[in-house]
Amino acid sequence: MVPVMFLLLIQLIALLNGYGVEARIRQYKWEVKNEFKSPDCYRKMVITINGRTPGPTIRTQQNDTIIVEVTNSLFTENIAIHWHGIRQIGTPWFDGSEGITQCPILPGTTFKYQFVVDRPGTYVYHAHYGMQRDSGLYGSIIVGLPDGESEPFAYDYDRNIILNDWYHNSTTEQAVGLSKVPFQWIGEPQSLLIHGRGRFNCSSLSVPSSDPGLCNTTNPDCSPFRLIVVPGKTYRLRVSSLTSLSALSFQIEGHNLTVVEADGHYVEPFVVQNLFIYSGETYSVLVKADQDPTTNYWITSNIVSRPAPNTPPGQGVLVYYPNHPRRSPPTIPPAAPVWNDSRPRMAQSQAIKARRGYIHIPPAVSDRVIVFLNTQNEINGRRRWSVNNVSFTHPHTPYLIALKHNLTQAFDQNPPPDGYDFLNYDIYERHPNANTTSSNGIYRLNFNSTVDIILQNANTMNPKNSETHPWHLHGHDFWVLGYGEGKFDMFNDPNKYNLVNPIMKNTVPVHPFGWTALRFKADNPGAWSFHCHIESHFFMGMGVVFAEGIEKVGKLPSSIMGCGQTQGL
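Using mature numbering (1 follows the signal peptide of the UniProt record, and there is no 0), the letters of the sequence shown map in sequence onto residues -23 to -1, 1 to 546.
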């Protein structure tokens, strides 16, 4: 009953502050199970919600209460579902991060998530157990304004699109390869999906199958995604990326994209032809159907920041009504951006500012600065990703429960380092000592303090190579203070921070051989994950955990317990 009382209290506070008088309770029942699907024409076992992947879209309004009863009908796998971008104020136990805020949902059991959506915007949900997101367990959350309120931009119709990459190997096969000695990389994806649909070249199979249904381009599962538009109308496209690995560009042939929202915050509008988007990010773009209405146009996604010559582009069709939906555009798809040209990607990152009239000014100074050096290392011959030469491992007892119940034996009580050897570390070279250590220690933040995070990219274990890492923070939004190339200069670069109109986000890229500076308030009691949103990278240790205000966390529901040292609590 305690969680319910918390939610009612949050709704009451919202009402008293004039945030809306029509807050509703929206209830969903989901069954998660394995099914055979062919989203890119190649049949494989996927994870569905009520028979679908992507799963059902949650459409709701600010200050509504969401109740999702999840039944795990998988035969052998646990699950957990993270509500990405929902801050879980007052309900940190329903963040959906297995090992951090809850024990997993066991096969054959039902778990109830219950939380308030406190801000309008575009968000997503997805699996947060192992690398299950790669199996299709994901979907959209669309939070509208309360009745009677309007956005600072006009449009006629609202649509949402999830972009993804797609592998034919199961997540278990991928995890085994990543954990092997010698290391077996997962490789580039076999295809790109636009809202759950892609097209794999069946003739490229290395070993032809005697099963005609294994790869079938006539399967309706992989018919191209089609977006039907009415000439002259303006569309708000909510574009989200939940790729396992790939950074993407997204474009609609012949149409400008006006960026107006990022991760739930209004953006000072700017126009692009290619929207660069990283795993975990969400954007709203305005698209006007103002081209020749007698023809249809390509919608495409392409991999950037990595060489992927064998991965075909994602392709959909923008259909001008009343053209036939199955009519293909008369042109070839537009050319992809140059995959290794980071300049336009950096330029887009730097162009994203908070919209005038909707600027949240950050604190002028921070109380603590933590620098995270992103490196690739090894432990006993096993390839790992590390932060400040420490590779993260999940404990058996979720942090939130261990912290609240003072289970000091549940995880390492020694904190990880706040920085690295700034003076002597060369970010452009493979480090001569590739060895690293592992830990499940955490960063304890003073409640209500202001924290700066500097994400510093460096060379991997491959010569002259640095990868793009999209970092996602649970439970908070942060101000993006700046981006830069090369090594962060702690004496001069802070003078260049944008403290006037920085955008707030929950996911942000750090570009190859570059840095990204963030600032956030540690004002949400709980234990919160901060990690690279690339599935294999987080699996290999690229993440940390922040704890703040644990003494202010309410009584934990018994439903999140049952694993590790929580048994019997």
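Glycine included, every Cβ here is placed at the ideal spot set by N, Cα and C.
Margin query: Pull the bridge partners of H301 from the DSSP assignment, please.
Written below: Mapped onto the sequence shown, residue 301 falls at position 324. Per DSSP, H301 has no beta-bridge partner at all.
Next item on the list: May I ask which residues mark the beginning and end of the alpha helix (DSSP H) holding E150?
Entry: As a working mapping, residue 150 is identified with position 173 in the sequence shown. E150 -> alpha helix (DSSP H) spans 148 to 155.
Item checked: Beta-carbon proximity check, W448 vs F523, cutoff 9 Å -> For the purposes of this step, residue 448 is identified with residue 471 of the sequence shown, where counting begins at 1. For the purposes of this step, residue 523 is identified with residue 546 of the sequence shown, where counting begins at 1. No, Cβ-Cβ distance for W448 and F523 is not below 9 Å.
Next item on the list: With DSSP as the reference, label V(-3) as helix, strand or coil.
Entry: Mapped onto the sequence shown, residue -3 falls at position 21. Any answer about V(-3) is weak, because its pLDDT of 49 lies below 50 and its placement is not dependable; what the coordinates show is given next. In the structure shown, V(-3) sits in coil (DSSP, three-state: anything other than H, G, I, E or B).
Notebook entry, point to check: Between H59 and H103, is the Cβ-Cβ spacing less than 9 Å?
Noted result: What you label residue 59 is simply residue 82 of the sequence shown in a count that begins at 1. What you label residue 103 is simply residue 126 of the sequence shown in a count that begins at 1. Yes. Within cutoff.
Check: Under the rule that 16 or more other beta-carbon atoms within 10 Å means buried, what is P16, buried or exposed?
Finding: In the sequence shown, residue 16 corresponds to position 39, counting from 1. P16 should be labelled buried.
Check: With distances taken from CA atoms, which of V487, L458, H453 is nearest G67?
Finding: As a first step, residue 67 is located in the sequence shown; it is residue number 90 there, counting from the start. Nearest C-alpha to G67: H453.
Check: In whole angstroms, what separates the C-alpha of G463 from that of G491?
Finding: Here residue 463 refers to the residue found at position 486 when the sequence shown is read from its first residue. Here residue 491 refers to the residue found at position 514 when the sequence shown is read from its first residue. Cα atoms of G463 and G491: separation of roughly 5 Å, rounded to the nearest angstrom.
Checklist line | Reduced DSSP category for D429 - H, G, I as helix; E, B as strand; rest coil | finding: Looking up residue 429 in the sequence shown gives position 452. When DSSP states are grouped into helix, strand and coil, D429 belongs to the strand group.
Notebook entry, point to check: What is the C-beta distance between D133 and P166, in whole angstroms, given that I count them as a contact (C-beta under 8 Å)?
Noted result: Within the sequence shown, residue 133 is the residue found at index 156, counting from 1. Within the sequence shown, residue 166 is the residue found at index 189, counting from 1. Not really, about 34 Å apart at Cβ, beyond 8 Å.
Item checked: Sub-9 Å separation of L295 and H232 beta-carbons -> For this step, residue 295 is matched to residue 318 along the sequence shown. For this step, residue 232 is matched to residue 255 along the sequence shown. Their beta carbons are under 9 Å apart, which means L295 touches H232 by this criterion.
Check: Hey, would you say T277 sits closer than 9 Å to Q228, going by beta carbons?
Finding: For the purposes of this step, residue 277 is taken as residue 300 along the sequence shown, with counting starting at 1. For the purposes of this step, residue 228 is taken as residue 251 along the sequence shown, with counting starting at 1. Pairing T277 with Q228 gives a Cβ-Cβ distance under 9 Å.
Checklist line | Through-space distance from V342 to T427, alpha-carbon basis | finding: For the purposes of this step, residue 427 is identified with residue 450 of the sequence shown, where counting begins at 1. For the purposes of this step, residue 342 is identified with residue 365 of the sequence shown, where counting begins at 1. So the alpha carbons of these two residues sit roughly 8 Å apart.
Checklist line | Residue nearest to I163 in terms of C-alpha spacing, selected from G116, D111, L182 | finding: The count along the sequence shown starts at 1 and reaches residue 163 at position 186. When the alpha-carbon of I163 is set against those of G116, D111, L182, the nearest one is in D111.
Note to self: Quick check on K532: buried or exposed, where buried means 16 or more other Cβ atoms within 10 Å of its Cβ?
What the structure shows: Numbered from 1 along the sequence shown, position 555 holds the residue referred to as residue 532. Classification of K532: exposed, given that the 10 Å Cβ count is below 16.
Next item on the list: Please work out which residues of its chain come closer than 7 Å, Cβ to Cβ, to E238, disregarding the five sequence neighbours upstream and downstream, and give them in chain order.
Entry: Position 261 of the sequence shown, counted from the first residue, corresponds to residue 238. Cβ neighbours of E238 within its own chain (closer than 7 Å, five residues either side excluded): G98, T99, V244, Y260, S261.
Check: Who are the near neighbours of E230 in its chain, counting only those whose CB is closer than 8 Å to its CB and skipping five residues on each side?
Finding: Counting from one through the sequence shown, the residue named residue 230 turns up at place 253. Excluding sequence neighbours, E230 sits near Y274, W275, I276, T277, L295, P306, T308, P310, P311.
Check: Within this structure, are the beta carbons of N193 and C18 separated by less than 9 Å?
Finding: By 1-based counting over the sequence shown, the position of residue 193 is 216. By 1-based counting over the sequence shown, the position of residue 18 is 41. Cβ distance < 9 Å, so N193 and C18 count as in contact.
Note to self: For the beta strand (DSSP E) containing P246, name the first residue and the last one.
What the structure shows: Position 269 of the sequence shown, counted from the first residue, corresponds to residue 246. Counting along the chain, the beta strand (DSSP E) containing P246 begins and ends at 242 to 249.
Next item on the list: Counting only runs of 3+ residues fully inside the segment 468 to 503, write out the beta strand (DSSP E) ranges in chain order.
Entry: Qualifying beta strand (DSSP E) stretches, in chain order: 484 to 487, 491 to 498.
Next item on the list: Report buried or exposed for N436, applying the criterion of at least 16 other Cβ atoms within 10 angstroms of its Cβ.
Entry: Here residue 436 refers to the residue found at position 459 of the sequence shown. So N436 ends up on the buried side.
Item checked: Euclidean distance between Cα positions of D403 and I347 -> Within the sequence shown, the letter at position 426 stands for residue 403. Within the sequence shown, the letter at position 370 stands for residue 347. Straight-line Cα distance between these residues: approximately 19 Å.
Check: Taking the continuous beta strand (DSSP E) assigned at residue 566, which residues delimit it?
Finding: Absent from the model: residue 566. The displayed extent of the chain is -23 to 546, so no value can be given.
Next item on the list: Look at A224 and F253 and say whether their C-beta atoms are less than 9 Å apart.
Entry: Indexing the sequence shown from 1 puts residue 224 at position 247. Indexing the sequence shown from 1 puts residue 253 at position 276. In contact: A224 and F253 (Cβ atoms closer than 9 Å).
Checklist line | Sub-9 Å separation of R3 and T37 beta-carbons | finding: The count along the sequence shown starts at 1 and reaches residue 3 at position 26. The count along the sequence shown starts at 1 and reaches residue 37 at position 60. Their beta carbons are under 9 Å apart, which means R3 touches T37 by this criterion.
Check: If we call anything under 9 Å between Cβ atoms a contact, is residue 564 one with T413?
Finding: Here the chain has residues from -23 to 546 only, and residue 564 is not among them.
Margin query: Contact defined as beta carbons within less than 8 Å: I believe residue 571 pairs with I82. What is the distance between those atoms, to the nearest angstrom?
Written below: Residue 571 lies beyond the range of the chain shown here (-23 to 546); nothing can be said about it.
Check: Would a C-beta distance cut-off of 9 Å place G541 and T374 closer than the cut-off?
Finding: In the sequence shown, counting from the first residue as 1, residue 541 sits at position 564. In the sequence shown, counting from the first residue as 1, residue 374 sits at position 397. Their beta carbons are under 9 Å apart, which means G541 touches T374 by this criterion.
Next item on the list: Determine the DSSP secondary structure at D133, reduced to helix, strand or coil.
Entry: Working through the sequence shown from its first residue, we reach residue 133 at position 156. Reduced to three states, the DSSP call for D133 is coil.
Next item on the list: Would you mind stating whether L384 and A504 have Cβ atoms separated by less than 9 Å?
Entry: Start at 1 with the first residue of the sequence shown, and residue 384 comes out as number 407. Start at 1 with the first residue of the sequence shown, and residue 504 comes out as number 527. Taking a C-beta distance under 9 Å as the contact criterion, L384 and A504 do not qualify as a contact pair.
Check: Within 10 angstroms of its Cβ, does A324 collect 16 or more other Cβ (buried), or is it exposed?
Finding: In the sequence shown, the residue the question calls residue 324 occupies position 347. Result: exposed.
Item checked: Identity of the residues DSSP links to Q268 by a beta bridge -> Position 291 of the sequence shown, counted from the start, is the residue given in the question as residue 268. Beta-bridge pairing links Q268 to no other residue.
Next item on the list: Going by DSSP, name the residue or residues bridged to H103.
Entry: Start at 1 with the first residue of the sequence shown, and residue 103 comes out as number 126. Checking the DSSP bridge columns, you'll see H103 partnered with H59, Y115.
Item checked: Check whether residue 549 and H510 have beta carbons under 9 Å apart -> This structure cannot speak to residue 549, because the chain is shown only from -23 to 546.
Note to self: Can you check which of these residues, P479, P392, N439, is closest to E406 by C-alpha distance?
What the structure shows: The sequence position of residue 406 within the sequence shown is 429, counting from 1. Residue N439 is the option with its Cα nearest to E406.
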